[in-house]
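K.L.:
Could you have a look at this structure, given as structure tokens, before my questions?
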Amino acid sequence: MPRLAINVDHVATLRQARLAAEPDPVAAAIFAELAGAHGIVVHLREDRRHIQDRDVAVLRKTVKTKLNLEMAATREIVEIAQKIKPDVATLVPEKRQELTTEGGLDVTAFESSLADVVETLHGSGVAVSLFIDPEPKQIKAARRLEADYIELHTGAFAEAKSFSDRQEQFERLVTGARLAKKLELGVHAGHGVDYLNIQWLKNITEIEEFSIGHSVIARAVLVGIDRAVREMLQLMG
Ligand code: PXP
49 MPRLAINVDH VATLRQARLA AEPDPVAAAI FAELAGAHGI VVHLREDRRH IQDRDVAVLR
109 KTVKTKLNLE MAATREIVEI AQKIKPDVAT LVPEKRQELT TEGGLDVTAF ESSLADVVET
169 LHGSGVAVSL FIDPEPKQIK AARRLEADYI ELHTGAFAEA KSFSDRQEQF ERLVTGARLA
229 KKLELGVHAG HGVDYLNIQW LKNITEIEEF SIGHSVIARA VLVGIDRAVR EMLQLMG
């Protein structure tokens, strides 16, 4: 069974709507772990629109499973990661105007600067994952950079409007996951994964971990985080 890593950014988004103290993403992470989540993910964005520096520092001390820090490959955030030492740093592209991460990282275009960042993080004992589209050339570039994991961007699959498009995007993910596994990269996947499309995605046995935020936190608002996480785990298993 793949692992489930819960992204608690949306809990921080709700808190920041009032610039208040609650709801606390740290509390959400604790409840998610108690319900069986295998990891916690947060994205410390440059504009600090949801997760704050304090959250990452406290999560580092409280998360008992695995802390995965999503981050842009910028000097400021890399220095924070070196200090906090998450279990995994997932490098993502970041644009100020976007509602959420829009596309995968173009590893081939920024290979040399990303190589420096991967080396720096490895030097601090942090494993590195690269969030990329399921493109063979990106996967091969991730291998060249000696990334530990790739996270396959499942957004195009999740947003496919027709059955044939969905099938096509699914095949791209299958091919990408197989190639990554062959190259001995750990395979994560995420973006837009929900309680319906997980039924497809869980069949890609090369995917070791799903990183899920929106669908689980949206459900948690209505049924509670414990039930929302347990229901996802049940579907995955
Ligand atoms: N993985 C990455 C790299 C992301 O940027 C996000 C969104 O924060 C997710 C996974 C989770 O996506 P969603 O919130 O759609 O489940």
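All residue numbers for the sequence shown refer to this note's numbering, where the first residue is 49 and numbers rise by one. Positions of the beta carbon are idealized from the N, C-alpha and C atoms, including for glycine. Quick caveat, the model's predicted, so the values are computed rather than measured.
1) From the DSSP output, in three-state form, read off residue 265 for me.
2) For the alpha helix (DSSP H) holding residue 170, just list the boundary residues, first then last.
3) Kindly list the residues whose CB is nearer than 6 angstroms to the CB of residue 286, restricted to its own chain and excluding five residues on each side of it in sequence; keep chain order.
4) Which of the three DSSP states is assigned to residue 58 in this structure?
5) Do residue 205 and ligand 1 come close, with the Cβ less than 8 angstroms from some heavy atom?
6) Ligand 1 heavy atoms versus the CB of residue 273: any closer than 8 angstroms?
7) Report the partner residues of residue 116 according to the DSSP bridge assignment.
8) Check for me: the beta strand (DSSP E) holding residue 257 runs from which residue to which?
9) Does the beta-carbon of residue 268 have 16 or more other beta-carbons within 10 angstroms, so that it is buried, or is it exposed?
10) Where do the ends of the beta strand (DSSP E) carrying residue 111 lie?
11) Pick helix, strand or coil for residue 199, following the three-state DSSP scheme.
12) Any chance the segment 189-197 sits against the segment 154-173, with 3 or more Cβ pairs inside 8 angstroms?
13) Between which residues of its own chain and residue 50 is the CB-CB distance below 7 angstroms, once the five residues before and five after are set aside?
14) Quick check on this structure: which residue in 130, 83 and 227 has the alpha carbon closest to the alpha carbon of residue 52?
15) Between the Cα of residue 246 and the Cα atoms of 232, 97, 273 and 214, which residue gives the shortest distance?
16) In angstroms, rounded to a whole number, what distance separates the CA positions of residue 80 and residue 104?
17) Which residue comes first and which comes last in the alpha helix (DSSP H) that contains residue 180?
18) Could you tell me how far apart the beta carbons of residue 54 and residue 264 are, in whole angstroms, since I believe they sit closer than 8 angstroms?
19) Please check the pair residue 199 and residue 238, which I expect to be a contact at CB under 8 angstroms, by giving their CB distance rounded to whole angstroms.
20) What's the C-alpha gap between residue 125 and residue 261?
21) Is it buried or exposed for residue 70, if we count other Cβ within 10 angstroms and need 16 for buried?
22) Between residue 118 and ligand 1, is the CB less than 8 angstroms from at least one heavy atom?
23) Is residue 122 closer than 9 angstroms to residue 177 when the C-beta atoms are compared?
P.N.:
Walking through what the data contain:
1) helix
2) Residues 159-171.
3) There is simply no residue 286 to check, as the chain begins at 49 and stops at 285 in what is shown.
4) helix
5) no
6) no
7) 89 and 136
8) 257-260
9) Residue environment analysis places residue 268 among the buried positions, since at least 16 neighbouring C-beta atoms fall within 10 angstroms of its C-beta.
10) Per DSSP, residue 111 belongs to no beta strand (DSSP E) and is neither H nor E.
11) strand
12) yes
13) For residue 50, where only same-chain residues beyond five positions count, the Cβ hits under 7 angstroms are 250, 255, 256, 257, 258 and 284.
14) 83
15) 214
16) 16 angstroms
17) That residue, residue 180, is in no alpha helix (DSSP H); its beta strand (DSSP E) goes 175-180.
18) 6 angstroms
19) 6 angstroms
20) 21 angstroms
21) exposed
22) yes
23) no
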